[in-house]
Structure formats: C-alpha cells, structure tokens
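Number of protein chains: 2
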Amino acid sequence: MSQVNRFLQSEPAHQLSLRKLAKMVGYSPGTLINLFGSYSRLILAANAQTLDQIAQRLGDRMEQDESAETRLHRFAEAYLAFAQEHPHQWRLLFEHHLDEGEELPQWQWSRIDRLFDMIEQCLYELNKNSRAEDRHEVSRTIWASVHGICALSIDDKLFARTTVSAESMISALLTHFLSSWKQY
Amino acid sequence: MSQVNRFLQSEPAHQLSLRKLAKMVGYSPGTLINLFGSYSRLILAANAQTLDQIAQRLGDRMEQDESAETRLHRFAEAYLAFAQEHPHQWRLLFEHHLDEGEELPQWQWSRIDRLFDMIEQCLYELNKNSRAEDRHEVSRTIWASVHGICALSIDDKLFARTTVSAESMISALLTHFLSSWKQY
DNA sequence: TTCATTTTTTGAACGGTGTTCATAATGGCG
DNA sequence: CGCCATTATGAACACCGTTCAAAAAATGAA
C-alpha cells in the first residue's frame with residue numbers, strides 16, 4: 001500500500017480518502033476495509049512503512065565513524081531532512097491517533113527501540129559515567145526536542161520575525177545541551 | 001463559542017462536528033457557517049480562545065520575581081500543565097492547519113509575540129552579552145523543544161520502557177541547555 | 001401601527017466521507 | 001464438472017461540511 005505515501009508526496013493527508021485510494025489501486029472501498037479492518041488501520045500500515053523509511057535513513061547516517069556528538073548532529077539533520085522532504089507523510093505519522101484499538105505491531109516497537117539505542121550509544125560515548133536510565137531518558141528528551149523543532153518548522157508555527165532555520169536551531173540545541181550534559 | 005472548548009474537555013476533536021455543535025448551541029449548521037465563514041474558521045476562533053487561556057496562564061506564572069532561570073522553568077511547567085489538563089483542546093490548537101485561506105488575526109500574533117518577549121527577557125537576564133537575534137532564535141528553539149516534549153508526552157509516543165515524566169525531561173532540557181548557553 | 005426593507009436564520013439538497021453486509025464472483029481441488 | 005471456501009463487490013446507511021433560495025425576524029420610515 002505504498003500508493004498511500006505516493007499520494008502524500010503531493011497532497012495533504014486530509015485530502016486522502018478511502019474511496020480515492022480504492023479508485024487508485026483498482027479495488028472497491030469495501031475490499032480495502034475488510035483487508036485492513038478499518039481506514040484507520042490502513043493508515044497505520046502506511047505509517048509503519050514511513051517509519052521504516054525513516055529508520056533506514058537514520059541508520060545509514062549513523063554508520064559513519066565520526067565522533068559521537070557529530071553523529072547525533074547527523075542523526076537530527078537526517079530526521080529534519082525527511083520531515084522537510086515529505087511533510088504530509090511525516091505529519092500523518094504523528095498526527096494519526098490510533099483509536100482505542102490495537103497497539104502498533106511490536107516489530108515496529110523494536111525498530112524504534114533500535115533507533116533510540118543508537119542515540120543512547122552516542123550518549124554513552126559522550127559520558128561513560130552516565131547511568132543507563134539517564135541515557136534512556138535523555139535520548140527521549142533530545143529526540144522529542146528535535147521533533148518539536150521539526151514539527152513547528154514544517155508547519156511554519158515558529159512565529160519568528162525573520163525566518164529562522166530549523167537546522168541552526170537543532171544544531172544549537174544539541175551543542176548546548178550536550179556540552180552541559182556530557183560533564184555530568 | 002466557548003462550547004467548542006467545553007466539548008473538547010471530554011471528547012477528542014475528531015468527534016466534534018459542525019452539526020453536533022449547532023445542536024449544542026441551538027443554531028442551524030448553516031447559521032454557524034455564514035457566521036464564521038467555514039467550519040475551519042470556527043475552529044480557528046476556538047483556537048484563538050485557547051491561546052488566550054494559555055497566554056494568560058503563562059503570563060501569571062511570569063510575574064513572580066524569581067530568577068530568570070526558574071522563571072523559564074515555571075513557564076515551561078505551566079505550558080505542560082495546560083497540555084496535560086486539556087489535551088484535546090491543546091492538540092487541536094496545533095494540529096489544525098489553516099487551509100490556504102486567511103492568516104490568523106494579528107492581535108493573536110502580537111499576543112504570541114508578547115509571550116516570546118518574556119522568554120527573551122529571561123534570556124537577556126541570563127546572558128546580557130547575547131545578541132538580540134540570538135535570543136530571538138533561542139527563544140524559539142527552547143519553546144519548540146518544550147513543545148515537542150509536551151506533544152509526544154500527551155500522545156504517549158515517547159516509546160519509553162519505563163514511563164518517564166515529561167516534567168523531568170523539560171527540567172533537564174532547560175537546565176543543561178541554559179547552563180551552556182548562558183556562558184555564550 | 002403599518003408597511004417596506006434589510007438582516008438573520010433556516011432547512012432541504014448536494015456531493016463527499018467511512019462502514020456494513022448480503023450477494024456475487026473467483027479460486028482451488030477432489 | 002461440481003463443490004466449497006475465499007475474496008470482492010456495490011448498494012445502503014448514517015454522518016460530514018457546504019450552498020442557497022426561501023422564510024422569519026428585526027429595523028426604520030411614514
């Protein structure tokens with residue numbers, strides 16, 4: 001069902017509909033719905049694919065053997081780049097709230113975990129005295145912060161008088177935060 | 001049209017509809033639409049009210065004469081508190097994308113600006129050598145970061161093995177970031 | 001008050017949405 | 001071929017935001 005994400009390259013998510021999608025792939029609306037269970041779960045499947053794309057890009061960016069700190073910078077830059085290149089797709093990934101139904105598959109969970117592990121590994125290299133639980137929390141803190149900058153940036157809700165670049169904001173965030181954190 | 005936000009206290013935004021709202025306030029759907037122009041603009045008006053609520057709470061929290069750094073902490077805590085107390089209302093404020101139509105009114109803009117000014121004032125007290133443009137960008141960076149933590153926290157998308165508290169994440173973020181930033 | 005004019009409100013209608021389900025088409029295989 | 005199980009359909013349902021001619025209400029002048 002990559003047709004979903006292909007649609008989202010050019011049009012926002014709220015323009016997409018089960019019926020349009022059905023016409024696109026040559027199926028009846030009802031067919032799609034008893035294949036995925038519901039429209040919401042279809043979106044969930046598309047989001048799973050999106051997350052795979054992101055995971056792969058971030059994984060690639062992490063393989064280089066630079067310093068832990070610049071690796072974190074590359075990580076965040078890649079994350080921002082994806083959000084900027086595929087804003088509709090990226091937004092859908094986070095704005096879709098699964099409705100009391102099933103949780104997302106745990107192979108998805110594990111893939112997310114692996115990404116956080118990369119961050120935590122960098123944090124370990126930056127401060128080998130740090131406790132594992134701290135690195136766990138800090139990895140979430142950093143990622144959520146970067147995520148917030150990306151989100152408000154692509155929605156143009158930073159309310160800046162002069163347009164500020166998300167790149168430099170992320171860079172400043174990481175530089176200052178890490179410079180303090182890595183010394184306890 | 002505070003009935004909108006009253007509804008959002010107990011039910012998510014996607015459960016709300018023009019027709020339900022019309023029944024609630026005793027008007028016909030069509031009446032509401034040629035009063036606000038469209039459903040989207042009605043939501044915009046409700047969001048304006050939400051932003052006023054937030055602005056007032058943050059403003060109150062800033063009047064105390066504590067140190068600049070703890071004032072920033074109070075600021076972020078109040079922001080998080082509102083998001084946690086009114087998650088649907090808060091989400092709608094940021095997930096509603098205005099559709100190619102009008103911009104949000106500029107009295108709204110100025111109210112947002114005033115909030116950022118408070119942050120920038122704290123930043124100035126923390127580092128009087130800082131340049132104004134830097135404070136401008138850093139205020140956005142801090143706010144976007146705090147916002148990201150709030151957003152992922154109330155959506156429960158932090159993917160933490162043990163539930164981590166958003167409060168401590170925000171506190172750590174501000175502490176470490178500012179401790180580095182305030183010395184250039 | 002009465003009547004004409006402007007403003008406000010309505011409700012039916014339109015095209016769209018996700019979802020259900022009896023029915024129909026299809027595929028596999030003795 | 002005939003039978004069964006799987007798969008796909010499309011009409012129907014209840015809802016959505018939006019439009020607009022007509023009706024109701026408010027206004028003001030005579």
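Residue numbers (this note's numbering), protein chains in the order written: chain A, 1 to 184; chain B, 1 to 184.
For every residue, glycine included, the Cβ atom is placed at its ideal position computed from N, Cα and C.
Just so you know, these numbers come straight off a predicted model, no measurement behind them.
Using the Cα positions of residue i and residue j, report the straight-line distance between them to the nearest angstrom.
i: Leu58/B; j: Arg19/A; result: 44 Å
i: Ala83/B; j: Cys150/B; result: 7 Å
i: Pro105/A; j: Trp143/A; result: 21 Å
i: Leu174/A; j: Ser180/A; result: 10 Å
i: Ala78/B; j: Met62/B; result: 10 Å
i: Gln3/A; j: Trp107/A; result: 22 Å
i: Glu95/A; j: Glu95/B; result: 7 Å
i: Glu133/B; j: Tyr39/B; result: 38 Å
i: Ser171/A; j: Phe177/A; result: 10 Å
i: Leu87/A; j: Ala46/B; result: Sequence inspection shows Pro at residue 87/A; the Leu mentioned does not correspond to that position. So the alpha carbons of these two residues sit roughly 26 Å apart.
i: Asn129/B; j: Glu69/A; result: 27 Å
i: Tyr124/B; j: His73/B; result: 15 Å
i: Asp60/A; j: Ile54/A; result: 10 Å
i: Met169/A; j: Ser10/B; result: 36 Å
i: Asn34/B; j: Ser28/B; result: 10 Å
i: Asp156/A; j: Lys23/B; result: 34 Å
i: Ser110/B; j: Glu66/B; result: 25 Å
i: Glu103/A; j: Asp52/A; result: 17 Å
i: Gln56/B; j: Ile154/B; result: 21 Å
Would a C-beta distance cut-off of 8 Å place residue i and residue j closer than the cut-off?
i: Leu21/A; j: Leu32/A; result: yes
i: Val146/B; j: Ala76/B; result: yes
i: Ile112/B; j: Phe159/A; result: yes
i: Glu120/B; j: Arg135/B; result: yes
i: Leu98/B; j: Leu42/B; result: no
i: Ala13/B; j: Arg91/B; result: yes
i: Leu93/A; j: Thr50/A; result: yes
i: Leu8/B; j: Gln89/B; result: yes
i: Gly190/A; j: Gly148/B; result: Outside the displayed span of chain A (1 to 184) sits residue 190/A, for which this structure offers no information.
Could you tell me if residue i is buried or exposed, where buried requires 16 or more neighbouring beta carbons within 10 angstroms of its beta carbon?
i: Arg6/B; result: exposed
i: Arg71/A; result: buried
i: Ala166/A; result: buried
i: Leu115/A; result: buried
i: Thr162/B; result: exposed
i: Met118/A; result: buried
With a CB to CB cut of under 8 Å and the five nearest residues on each side skipped, what residues in its chain are close to residue i?
i: Leu152/B; result: Leu158
Only counting the same chain, and skipping five residues up and downstream in sequence, which positions put a Cβ closer than 6 Å to that of residue i?
i: Val164/A; result: none
i: Asn127/B; result: Lys182
i: Ala48/B; result: Gln108
i: Cys122/A; result: Ala68, Arg71 and Leu72
i: Val25/A; result: Gln3
i: Tyr184/B; result: none
Could you pull out every residue in the same chain whose Cβ sits closer than 7 Å to the Cβ of residue i, ignoring the five residues on either side in sequence?
i: Glu85/A; result: none
Would you list, in sequence order, the uninterrupted alpha helix (DSSP H) runs of no fewer than 4 residues that lie entirely inside the region 41-116 of chain A?
-> Secondary structure in the region 41-116 of chain A: the alpha helix (DSSP H) runs of 4 residues or longer, each lying completely within the stretch, are 68-85 and 87-95 in chain order.
Would you list, in sequence order, the uninterrupted alpha helix (DSSP H) runs of no fewer than 4 residues that lie entirely inside the region 131-163 of chain A?
-> 132-154
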